[in-house]
Amino acid sequence: MSIVKMVNSTAVNFKKSLNDTIDSCPLYNMVMEEIFLESDAEGEYNWSPEIQGYVLSAGFLGYVISQLPGGLAAETYGAKRVYLSGVLLASLAHLLSPLAAWHSCYTLIVIQLLRGLGQGFQSPANSVVTANWFPKHERGFLNSLIFLGSGVGSFITYTTSGAMCSSSTLLGGWPSVYFIYGGLGLVLSLCIHLFLYDSPKEHPNIGRVELLYILENQENDLFQKKPPTPWNKILTSIPVYVMTFSVFSHFWAFTHQISEHPIFLANILHFPIETNGILNAIPFVFQTLMIFLGGWVSKWLNTHGYAGVDKVRKGCTMLYSLGYSAGLLGMYIAGCDRIWSNAFSFIAFSFVGLSYAGCLSVPSDMSPTYAGSLFAFSNTIASTAAFIFPLIIGMMIYVEESLEQWNKIFILCITVVMSSGILFCLFGSADVVPWNFPSIEVWDRNRPKDEALKSGSKECTLSKGASIHI
């Protein structure tokens, strides 16, 4: 949202955008639209749409390329170090963004790339931490509580950034968004340093009962050094690719929500930017409720034995696919009706919240031992949706941005999300894979003799039912 206030977009250009699409949906209040166009403040940078695209995409690029290195580093050097490094890097980049913009757009592109790198480290590190800490039957609910932060944070950001950007006294307007949220990121870095531990066995104040409870409900042995990641197994696993496609559909739907839906509201339904921001914030409230509801229901079904983890993950993923698709179908039917179109968009984006208790929790279920690598692998591929979706949308509306073209976009989104849900139900799995329990004996034979002797390992195998002695 801040880039809207940063860039000098004149009233003439915006009015032209409205006239290009006026044959699709009528302007509901022509007088108010003219007042809005005349009073809209201009930004200080004359950046072309191409440059703006580079600035916005640089963060996504950094996020994609840092997923796999972040997962490997989290499993090798500890999730806390990687998590802390990622949050700290992203926060510093956020703080430096106004200074970079004042220097040049190319400096800002580099800073945004660094921000994306920092954010890319956080996701796989979080997956490793949750795999080490969360009991298997509570993992869906606890993951949902963590993912609540995404919905709450997005809602707060959308509702406050507009006011910050419009203010001429609060740290210069739009720079306040970067200074305030970057500063909060530094506070979070301090909290991670003080309170986060890689696993229960490293926490100095954990009680014996709690430690035993966590360890007895884990599929991986936290007291064994983790063997090398079985990439040959991961790269040849059909459930891994099906899960990855489901995560891809989540990124697709989420990118639609945060990047493309505001364009539809502005250029097709002709909402001014202030109303646009509010309408984009509201779905995050319902999405947050769905995240919590999905996690709570999944925990209740698991703990009472009504459904296993696999069925719960498939159920949540399918409900997300059906709800999102039904909402977009409603938008297709609603056409230019502002009220019904927004109501159906609320439904569509709310159901995206169920994916957090569905496909997004699967990496920790499939392989707690290699959760970081598995999450990084799937996220690296899946997050490319953040590039592909805007590119496809741009090609579809380049010649003619009309309601008819957007209806085609809705059908495309329904196809992608529904196909991912069906494939996951048919060929996906959240059950623990056999290669999650590696043979320690084979691993020891592949290590140098002096390292094996130094470790004093006499274990033969680490099976699913192995007991833990503390």
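To convert, note that position 46 of the sequence shown is 46 in UniProt numbering; the numbers rise steadily by one, no gaps. All C-beta atoms, glycine included, are put in the ideal place defined by N, C-alpha and C.
For the alpha helix (DSSP H) that Ser420 lies in, which residues bound it at each end? In the DSSP assignment, Ser420 falls within the alpha helix (DSSP H) that extends over 403-427.
- Check whether the Cβ atoms of Ser364 and Ser97 lie closer than 8 Å to each other. Not a contact, by the Cβ cut-off of 8 Å.
Margin query: So, does the segment 178-187 touch the segment 390-405, judging by three or more C-beta pairs under 8 Å?
Written below: Note that the segment 178-187 does not touch the segment 390-405; fewer than 3 beta-carbon pairs, one per stretch, sit closer than 8 Å.
In whole angstroms, what is the alpha-carbon distance linking residue 483 and Asp310? A query on residue 483 cannot be resolved here, the shown segment of the chain reaching from 1 to 470 and no further.
key: At least three beta-carbon pairs within less than 8 Å, the segment 343-360 to the segment 142-157   = Under the 8 Å Cβ criterion, the segment 343-360 counts as touching the segment 142-157, having at least three qualifying pairs.
How is Tyr45 classed by DSSP in three states: helix, strand or coil? Strand at Tyr45.
Original post:
Got a sec, what are the start and stop residues for the alpha helix (DSSP H) Ala371 sits in?
Top reply: Unbroken alpha helix (DSSP H) run through Ala371: 371-382.
Near Met30, what residues of its chain come up, given a Cβ to Cβ distance below 8 Å and the 5 sequence neighbours on each side ignored? At Met30 the pLDDT is 46, less than 50, meaning the model places this residue with poor confidence; the figure from the coordinates comes in the next sentence. Spatial neighbours of Met30 in its own chain (CB-CB distance under 8 Å, excluding positions within 5 residues in sequence) are not present.
Starting from the C-beta of Lys314, find all residues in its chain whose C-beta is less than 7 Å away, skip the five residues before and the five after it, and write them out in chain order.
Once the five neighbours on either side are set aside, the close Cβ partners of Lys314 are Phe424, Cys425, Gly428.
Notebook entry, point to check: Using DSSP with H/G/I as helix, E/B as strand and the rest coil, what is Val229?
Noted result: In the sequence on display, residue 229 carries Thr and not Val. Thr229: coil per DSSP, three-state reduction.
- prompt: Since Lys299 contacts Asp198 with CB under 8 Å, what's their CB separation in whole angstroms?
  reply: Actually they are not in contact, since the Cβ atoms of Lys299 and Asp198 sit about 24 Å apart, beyond 8 Å.
Using a Cβ-Cβ cutoff of less than 6 Å, which residues in the same chain neighbour Gln119 once the five nearest sequence positions on both sides are dropped? Taken in chain order, the residues that qualify are Tyr63, Ala90.
Notebook entry, point to check: Which of the three DSSP states, helix, strand or coil, is assigned to Leu196?
Noted result: Three-state DSSP puts Leu196 in coil, outside helix and strand.
Roughly how many whole angstroms lie between the Cα atoms of Ile206 and Pro135?
Their backbone Cα atoms lie some 15 Å apart in a straight line.
- Query: Does the beta-carbon distance from residue 493 to Tyr77 come in below 8 Å?
  - Reply: The structure shown does not extend to residue 493, since the chain is modelled only from 1 to 470, so the question has no answer here.
Task: Cα-Cα separation between Phe437 and Val87, rounded to whole angstroms - done: Rounded to the nearest angstrom, the two C-alpha atoms are 31 Å apart.
Close Cβ partners of Val242 (< 7 Å) along its chain, the five nearest in sequence each way excluded: The beta carbon of Val242 lies closer than 7 Å to those of Leu423, Phe424, Phe427, Gly428 in the same chain, with the five residues before and after it left out.
- request: Rounded to whole angstroms, what's the CA-CA distance from His103 to Gln112? Just pull it up for me.
  value: About 14 Å.
- Given Pro239, which residues of its chain have a CB within under 8 Å of its CB, disregarding the five upstream and five downstream residues? Met366, Phe427, Gly428, Ser429, Val433, listed in sequence order.
Problem set entry | Coil, strand or helix - Trp174 by DSSP | If DSSP states are grouped into helix, strand and coil, Trp174 belongs with coil.
Would you call the CB atoms of Ser249 and Ser420 closer than 8 Å? Yes, Cβ-Cβ distance for Ser249 and Ser420 is below 8 Å.
Exercise for the section: Taking the CB atoms as reference points, tell me whether Ser321 and Met418 lie closer together than 8 Å. Expected result: Here Ser321 is near Met418, since their CB atoms are less than 8 Å apart.
request  = In the DSSP assignment, find the alpha helix (DSSP H) that holds Asp337 and state where it starts and stops.
outcome  = First-last for Asp337: undefined, no H or E at that position.
- Task: Just the C-alpha distance for Asp337 and Ser154, rounded to the nearest angstrom, thanks.
- Result: Going from the Cα of Asp337 to the Cα of Ser154 covers about 26 Å.
Can you tell which of Ser350, Ile333, Asn217 has its C-alpha closest to the C-alpha of Thr303? Minimum Cα distance to Thr303 is reached at Asn217.
Next item on the list: On a CA-only basis, which of Asn280, Ile414, Tyr45, Trp406 is nearest Met318? Give me that one, please.
Entry: With distances taken between Cα atoms, Met318 lies closest to Ile414.
Through-space distance from Ile156 to Trp174, alpha-carbon basis
Trp174 and Ile156 have their C-alpha atoms roughly 16 Å apart.
TODO: Look up Val309 in the DSSP assignment and say whether it is helix, strand or coil.
DONE: Helix.
**Contacting residues, own chain, Cβ-Cβ under 7 Å from Glu117 (five flanking each side not counted)** = What sits at residue 117 in the sequence shown is Leu, not Glu. Cβ within range, chain order: Gly62, Ser66, Leu89.
Over the uninterrupted alpha helix (DSSP H) stretch that includes Glu260, give me the two end residues. Where Glu260 is concerned, there is no enclosing alpha helix (DSSP H), given that its DSSP letter is neither H nor E.
How would you call residue 475, buried or exposed, if buried means at least 16 neighbouring beta carbons within 10 angstroms?
Any answer about residue 475 is impossible in this case: the structure gives the chain only from 1 up to 470.
Open item on the list: Which of the three DSSP states is assigned to Ser97 in this structure?
Closed with: DSSP places Ser97 within a helical segment (H, G or I) once states are collapsed to three.
Fill in: Cβ shell of Leu148 (< 8 Å), same chain only, five flanking positions each side left out
For Leu148, where only same-chain residues beyond five positions count, the Cβ hits under 8 Å are Thr288, Ile291, Phe292.
### Query
Ile347 and Ala326 look like a contact to me (Cβ under 8 Å); what is the Cβ gap, rounded to whole Å?
Going by Cβ atoms, the distance from Ile347 to Ala326 rounds to 7 Å, so yes, they are a contact pair.
Measure how close the beta-carbons of Phe284 and Ala386 come, nearest whole angstrom, since I'm counting them as under 8 Å.
Incorrect: roughly 18 Å between the Cβ atoms, too far for contact.
In the DSSP assignment, find the alpha helix (DSSP H) that holds Trp133 and state where it starts and stops.
Trp133 -> alpha helix (DSSP H) spans 105-133.
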